[in-house]
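1112 is the number that our numbering gives to position 72 of the sequence shown; each next residue is one higher, with no gaps. In what follows, a structure is listed as structure tokens, so that the remarks can point back to it.
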Amino acid sequence: MALTEPDPTTVPTQQRPARGSAVRGPAALMAVAAGVLGGVLAWFVLLTPLGQRLDERAMNTVVAGRETQLQVLSVLGYVSIGAIGLVSIVCVALALSRGRVPLAVGALTIIAGANVTTQVLKHVLLQRADLVDGVVASNSFPSGHTTVIASGVGALCLVSPRWMRPLVVPVGAFAVALTGASTVVAGWHRPSDVVGAVLVTTAWTAAVSMLLGRDHERVPGTWLLALVGSIGAIVALVAIGVRPSYGWDGFTDAALVLGALGVALGLGVAAANRVTPTS
């Protein structure tokens, strides 16, 4: 029986090992989880007496003097349509520089989707029940200012290559926490409004990542970096003069509110980063 000589020009193909885990499954779970958490939070703070009392009390735990108020308002003054446009341009440019047109489209979808969703929820779908005396019944959930910044951060996470994440995540968390906490200090929003905005953005970031697919190669330490950034923003507000409303008697409550807000916002940014593809 004749033996067939192997063709020397034929090189066995080897499967390239995956460099990360697929984002589709985790992103789908994250989108659902963020949506459910946002719905539960909205129900609790808008439609229950206990939720309204706790939310109002949390907003009133911190105060700022005139000079500090001016600094806080100057920070919030940078959050505008122009800021959204600038971040959108940066995201598109970064995605195109990597040759990733789908990422550019995804980034714009996150920014547009999150901001439109926030406005529809706040002005059309959600209403604050008039349940507690002394609590303003007009709805402010979710925060539009926080959504602007958080959606920009989510979009930047989507288009950034892996090596940029250790910079994008903490800086993004700092910006989100500084903006969100500033709206609370200024009396524009309750803490739940800020957390709700981040949940809206996380849901959109996860949903877009799910549709895009691809892989996420873990970047060690990003969760910690996000917390460092968000807590750093809280420390910055304290450094410029944000204080407990009731002096030392209110120190514990103020520390708990600001600390919890910083942690929640940092985790939100880290979660959005975790489900965005790095490949």
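Where a beta carbon is used, it is the ideal one built from N, C-alpha and C, also for glycine. It should be emphasised that the depicted structure is a prediction, and the values quoted were computed from it without experimental measurement.
If you follow the alpha helix (DSSP H) that residue i is in, where does it begin and where does it stop?
{"i": "residue 1179", "result": "Looking at the DSSP string, residue 1179 is not in any alpha helix (DSSP H), and its letter there is neither H nor E."}
{"i": "residue 1152", "result": "1141-1160"}
{"i": "residue 1293", "result": "1291-1314"}
{"i": "residue 1126", "result": "1121-1137"}
Per DSSP, residue i forms a beta bridge with which residues?
{"i": "residue 1255", "result": "1062"}
{"i": "residue 1283", "result": "1103"}
From residue i to residue j, what does the alpha carbon distance come to, in whole angstroms?
{"i": "residue 1288", "j": "residue 1091", "result": "25 Å"}
{"i": "residue 1173", "j": "residue 1073", "result": "33 Å"}
{"i": "residue 1057", "j": "residue 1184", "result": "For residue 1057, the predicted model reports a pLDDT of 40, less than 50, meaning its position is unreliable; a value from the coordinates is still stated below. Their backbone Cα atoms lie some 43 Å apart in a straight line."}
{"i": "residue 1124", "j": "residue 1215", "result": "14 Å"}
{"i": "residue 1084", "j": "residue 1268", "result": "29 Å"}
{"i": "residue 1310", "j": "residue 1238", "result": "11 Å"}
{"i": "residue 1243", "j": "residue 1069", "result": "10 Å"}
{"i": "residue 1041", "j": "residue 1065", "result": "Note that residue 1041 has pLDDT 45, beneath the 50 cutoff, so the model's placement of it is unreliable and no number is given."}
{"i": "residue 1200", "j": "residue 1146", "result": "12 Å"}
{"i": "residue 1302", "j": "residue 1138", "result": "33 Å"}
{"i": "residue 1233", "j": "residue 1241", "result": "13 Å"}
{"i": "residue 1305", "j": "residue 1263", "result": "11 Å"}
{"i": "residue 1119", "j": "residue 1127", "result": "11 Å"}
{"i": "residue 1226", "j": "residue 1130", "result": "29 Å"}
{"i": "residue 1089", "j": "residue 1204", "result": "44 Å"}
{"i": "residue 1117", "j": "residue 1318", "result": "33 Å"}
{"i": "residue 1179", "j": "residue 1100", "result": "17 Å"}
{"i": "residue 1151", "j": "residue 1192", "result": "6 Å"}
{"i": "residue 1175", "j": "residue 1149", "result": "36 Å"}
{"i": "residue 1308", "j": "residue 1107", "result": "30 Å"}
{"i": "residue 1299", "j": "residue 1122", "result": "30 Å"}
{"i": "residue 1095", "j": "residue 1285", "result": "15 Å"}
{"i": "residue 1245", "j": "residue 1228", "result": "25 Å"}
{"i": "residue 1075", "j": "residue 1086", "result": "16 Å"}
{"i": "residue 1104", "j": "residue 1224", "result": "11 Å"}
{"i": "residue 1274", "j": "residue 1297", "result": "10 Å"}
{"i": "residue 1316", "j": "residue 1078", "result": "20 Å"}
{"i": "residue 1182", "j": "residue 1080", "result": "13 Å"}
{"i": "residue 1261", "j": "residue 1281", "result": "31 Å"}
{"i": "residue 1266", "j": "residue 1112", "result": "22 Å"}
{"i": "residue 1230", "j": "residue 1236", "result": "10 Å"}
{"i": "residue 1159", "j": "residue 1114", "result": "23 Å"}
{"i": "residue 1292", "j": "residue 1256", "result": "39 Å"}
{"i": "residue 1314", "j": "residue 1196", "result": "13 Å"}
{"i": "residue 1052", "j": "residue 1211", "result": "Confidence is the limiting factor: at residue 1052 the pLDDT is only 45, short of 50, which leaves the residue's position unreliable, though a coordinate-based value still follows. The alpha-carbon atoms of residue 1052 and residue 1211 are separated by roughly 46 Å."}
{"i": "residue 1290", "j": "residue 1098", "result": "11 Å"}
{"i": "residue 1295", "j": "residue 1109", "result": "19 Å"}
{"i": "residue 1093", "j": "residue 1170", "result": "12 Å"}
{"i": "residue 1198", "j": "residue 1082", "result": "27 Å"}
{"i": "residue 1259", "j": "residue 1202", "result": "7 Å"}
{"i": "residue 1062", "j": "residue 1207", "result": "23 Å"}
Original post:
Fully enclosed by the region 1052-1119, which alpha helix (DSSP H) runs are 4 residues long or longer?
Top reply: Those alpha helix (DSSP H) runs which fall completely within the region 1052-1119 and span 4+ residues are 1064-1087, 1089-1099 and 1106-1117.
**OP:** Give a yes or no on contact between the region 1145-1157 and the region 1178-1197, applying the rule of three or more CB pairs nearer than 8 Å.
**Re:** Judged by Cβ distances under 8 Å, the region 1145-1157 makes contact with the region 1178-1197, as three or more pairs qualify.
**OP:** Please list the segments of the alpha helix (DSSP H) lying wholly inside the region 1211-1255, counting only runs of 4 or more residues, in order along the chain.
**Re:** Counting only runs that start and end inside the region 1211-1255, the alpha helix (DSSP H) elements of at least 4 residues fall at 1231-1252.
Original post:
Between the region 1131-1151 and the region 1246-1253, do at least 3 Cβ pairs fall closer than 8 Å?
Top reply: Touching, yes.
Original post:
Should the region 1269-1287 be called in touch with the region 1207-1225, which here means at least 3 C-beta pairs below 8 Å?
Top reply: Contact between the region 1269-1287 and the region 1207-1225 is present: 3 or more CB-CB pairs across the two stretches fall below 8 Å.
**OP:** Inspect the CB distances between the region 1159-1171 and the region 1130-1138 and report whether three or more fall short of 8 Å.
**Re:** Using a Cβ-Cβ distance cut-off of 8 Å, the region 1159-1171 and the region 1130-1138 are not in contact, since fewer than three pairs of beta carbons, one from each stretch, lie closer than that value.
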